[in-house]
Amino acid sequence: MDLRNILSTKILVALKKLNLPCENLSVSFSSRPDVCDFQTNYALITAKKVKKNPIELAEEIVEELDDTSFSALKGFINIKVSDKLLSQFANDVLNDKELGIEKVESPRKLLIDYGGANVAKELHVGHLRSPIIGEALKRLHRLMGDTVLADTHLGDWGMQMGLTVLQLKEDGYLDEFFRANSDYESIPLKNITLDTLNDEYPKASKRKDVDVNFKKLADDYTLFIQQKREPYYTIYKKIRAMSVEEIKKNYSLLNTSFDFWFGESDAEDYIDGTIKLFVDKKLARLSDGALVVDIAKEGEHIPIPKKSEDEEQRYKNPMPPAILKKYNGGYLYISTEIATIAMRNKMDKYDEIIYLTDNRQGKHFEQAFRCAKLAGISPENQKLTHISFGTMNGKDGKPFKTRSGETIRLKDVVNLLIDKASEKLKANGIENDRELARKIGVGAMKFGDLSNIISKDYVFDIDKFLSFDGKTGPYIQYTIARINSILNKAEDDFSKITVENSEEREIILALQKLNSSYKICYDEYSLNLLCSSTFDLAKAFSTYYNNHKILSEKDAEKRKSMLSICLLVKKALSKALDTLGIDVVEKM
RNA sequence: GCACCCAUAGCUCAACUGGAUAGAGCGUUCGUCUACGGAACGAAAGGUUGGGGAUUCGAACUCCUCUGGGUGCACCA
0 MDLRNILSTK
10 ILVALKKLNL
20 PCENLSVSFS
30 SRPDVCDFQT
40 NYALITAKKV
50 KKNPIELAEE
60 IVEELDDTSF
70 SALKGFINIK
80 VSDKLLSQFA
90 NDVLNDKELG
100 IEKVESPRKL
110 LIDYGGANVA
120 KELHVGHLRS
130 PIIGEALKRL
140 HRLMGDTVLA
150 DTHLGDWGMQ
160 MGLTVLQLKE
170 DGYLDEFFRA
180 NSDYESIPLK
190 NITLDTLNDE
200 YPKASKRKDV
210 DVNFKKLADD
220 YTLFIQQKRE
230 PYYTIYKKIR
240 AMSVEEIKKN
250 YSLLNTSFDF
260 WFGESDAEDY
270 IDGTIKLFVD
280 KKLARLSDGA
290 LVVDIAKEGE
300 HIPIPKKSED
310 EEQRYKNPMP
320 PAILKKYNGG
330 YLYISTEIAT
340 IAMRNKMDKY
350 DEIIYLTDNR
360 QGKHFEQAFR
370 CAKLAGISPE
380 NQKLTHISFG
390 TMNGKDGKPF
400 KTRSGETIRL
410 KDVVNLLIDK
420 ASEKLKANGI
430 ENDRELARKI
440 GVGAMKFGDL
450 SNIISKDYVF
460 DIDKFLSFDG
470 KTGPYIQYTI
480 ARINSILNKA
490 EDDFSKITVE
500 NSEEREIILA
510 LQKLNSSYKI
520 CYDEYSLNLL
530 CSSTFDLAKA
540 FSTYYNNHKI
550 LSEKDAEKRK
560 SMLSICLLVK
570 KALSKALDTL
580 GIDVVEKM
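Per numbering that gives the first Met the number 0, the very first residue in the first sequence carries number 0; after that it's consecutive.
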């Protein structure tokens, strides 16, 4: 359902009559809303091709159209749609169970990898973007008809685990495990919480850089865990389980959930087989003892002549070989990444796998994707996509930290938001509803994040996050709450919408814009357009609300039409918020 | 050094992919309260789109160049 299609069809008829080419016709929203609702730049684009003056061409087409909705100006063909057409569109949307949002023609099956939690660390502000963006993209793709599965791909393997277990042992947390000889499973993790890990892991991480023996021991511990040796492996499993539980709680605060809770450790079983594939296909070679794959294409990774003997070798368009196996036989980040692709493709068939991480990992994924394609681990027709998002910076332009130099825990950010929202709710006579406050506070944060272009860094300003005025999530929630209030009081039946004033026109046009933004966002893996067009619709409604008294409308038919518009706006806003992963609230 | 990304109103961000007069929110100033819920509505001020050049009928957007930031450059994840 799209007004632009109706308009295109009309214009096409005229083009055919005039014997003009049809391929460049596209009707877009007006860039001059004061002049018209829609426009096409067809004449400007096509004029040269057909060797005509664009201004005359536009006039010729408009004349052929013979419809007062169309007019020509400076080569633009401007369209002001009739109230009748807008009314018809509004009713069609209201009566459609998909609210007029068109699904994609060929739905696909995809896996989205987002979240990025690490079991040895508590989630902090730096972990916010991935679940917020990932969840919204997942919902958007589902809305558009795709089958989407989400995997959080936990960071649960490698050196960090060895370090953490070692540090815990040294600090006496694990005595019981090491005194026992069997039945490790029944021993509880005493006094160990996520806060403990928060202290212990960074402590160990710092120590390994200055204490060689400690580093060596941590390497051993890491190996023991990977070899599933006891009690190391059971301790690891228990820490992981505790951490995952906490991570799930954190994610649910953000309305984020996953179909799979696999981690790097789950791909472990696929690593050997994956590497063997590269060896068998003669894609891998030894370099300084490491097993590497050359992935540079023509024109990449060209050595720059050295100026002196001891100068480091540098490259033009660098694309270094990917290291599958370290000199000592150990595996690396990329080995796990490729094995994970192998695992996923063995478990199911995906048309596309989407990864969501911050932009520092661009090279890593480029390398992993090339390897997977080279060895046929990812089938040729499978799309591998890395969506990289910018970092949340402080006002100093560097990754966000508190004044004392620490990052803020995700949980604490949410609590700040809840407190602020609670305060506001109290002023409205709603007390002690922390869940409602969470929906509003988190809604503010999510909307603020999703309004930005994904790939760009942006400034994390806690005061801005805590503001619920203007172009924010709560503004939209508030608009819905006010509509609820009207609908509850009205108790009327709904009827056909008859658009008849400029505020109503604005609402329906904003609705059309919102509906068409889903597809654009879908195609571009973006969300900011959806945010802004949702706000625009809410804004158009607020203006209407202020200028027209709905409940006191005397004309019964008009009143029903107005109430139907309210219902329509409520439905459209609710759907948009839901797609963004933001809660709709009844009252606030 | 090599490579990628970014620079738009005082601040935070847009601009539907090359179109008309570059738009929002916040902040500032001035208005709208007998309120269908003021987390609201209306208006004003605020711009040489980092500098310079090129392509085009037409550039914030494409190309070149300079300046200023960020990120990454094989045995961490």
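Note that the Cβ used here is the ideal one computed from N, Cα and C, for glycine as well.
For residue 511, three-class secondary structure by DSSP: helix
Three-pair Cβ contact test at 8 Å for the stretch 548 to 568 versus the stretch 445 to 453: no
Sub-9 Å separation of residue 381 and residue 336 beta-carbons: no
Neighbourhood of residue 172 by C-beta distance below 6 Å, restricted to the same chain and skipping five residues each side: 191
Spatial neighbours of residue 246 in its chain, beta-carbon cut-off 6 Å, leaving aside the 5 residues before and after: 116
Neighbourhood of residue 189 by C-beta, 8 Å cutoff - its chain only, sequence neighbours within 5 removed: 172 and 175
Three or more C-beta pairs below 8 Å linking the stretch 256 to 269 and the stretch 148 to 165: yes
C-beta atoms of residue 77 and residue 29 nearer than 9 Å: yes
Residue nearest to residue 265 in terms of C-alpha spacing, selected from 229, 345 and 216: 345
Classification of residue 517 by the beta-carbon crowding that lies within 10 angstroms, buried from 16 upward: buried
Buried versus exposed, by CB contacts within 10 Å (16 or more), residue 113: buried
Per DSSP, cross-strand counterpart(s) of residue 303: 313
Sequence ranges, alpha helix (DSSP H) only - wholly within the stretch 509 to 580, length at least 4: 527 to 546 and 555 to 579
For residue 391, the residue or residues it bridges with in DSSP: 457
Residue 504 burial status per 10 Å Cβ neighbour count (16 or more: buried): buried
7 Å CB neighbourhood of residue 206 in its chain, flanking five on each side removed: 213
Reference residue 498, options 198, 556 and 141, closest by Cα: 556
Where residue 68 sits in the DSSP three-state scheme: coil
Where residue 169 sits in the DSSP three-state scheme: helix
Option nearest residue 234 by Cα separation, candidates 285, 284 and 182: 182
Near the ligand SAM: residue 332 beta-carbon under 8 Å from a heavy atom: With respect to the ligand SAM, the structure offers nothing, as it holds no ligand at all.
Extent of the continuous alpha helix (DSSP H) run through residue 270: 263 to 279
Cβ-based burial, residue 128 [other Cβ within 10 Å; buried from 16]: buried
Nearest to residue 286 (by Cα), restricted to the options 325, 305 and 248: 325
Host alpha helix (DSSP H) of residue 192 (start-end): Where residue 192 is concerned, there is no enclosing alpha helix (DSSP H), given that its DSSP letter is neither H nor E.
One or two residues paired with residue 354 in a DSSP bridge: 112 and 385
Residue 571 beta carbon less than 9 Å from that of residue 98: yes
Residue 334: first and last residue of the uninterrupted alpha helix (DSSP H) it sits in: 332 to 346
Whole-angstrom distance between residue 476 and residue 441, CA atom to CA atom: 12 Å
Environment of residue 514 [buried if 16+ CB atoms lie within 10 Å]: buried
Reduced DSSP category for residue 259 - H, G, I as helix; E, B as strand; rest coil: strand
Residue range of the unbroken alpha helix (DSSP H) whose run includes residue 87: 82 to 94
Per-residue DSSP class, three states only, for residue 408: strand
Status (buried if at least 16 other CB within 10 Å, exposed otherwise) for residue 21: exposed
Residue 91 versus residue 0 - alpha carbon distance: 8 Å
Cβ contact (3+ pairs, closer than 8 Å) linking the stretch 565 to 579 and the stretch 461 to 481: yes
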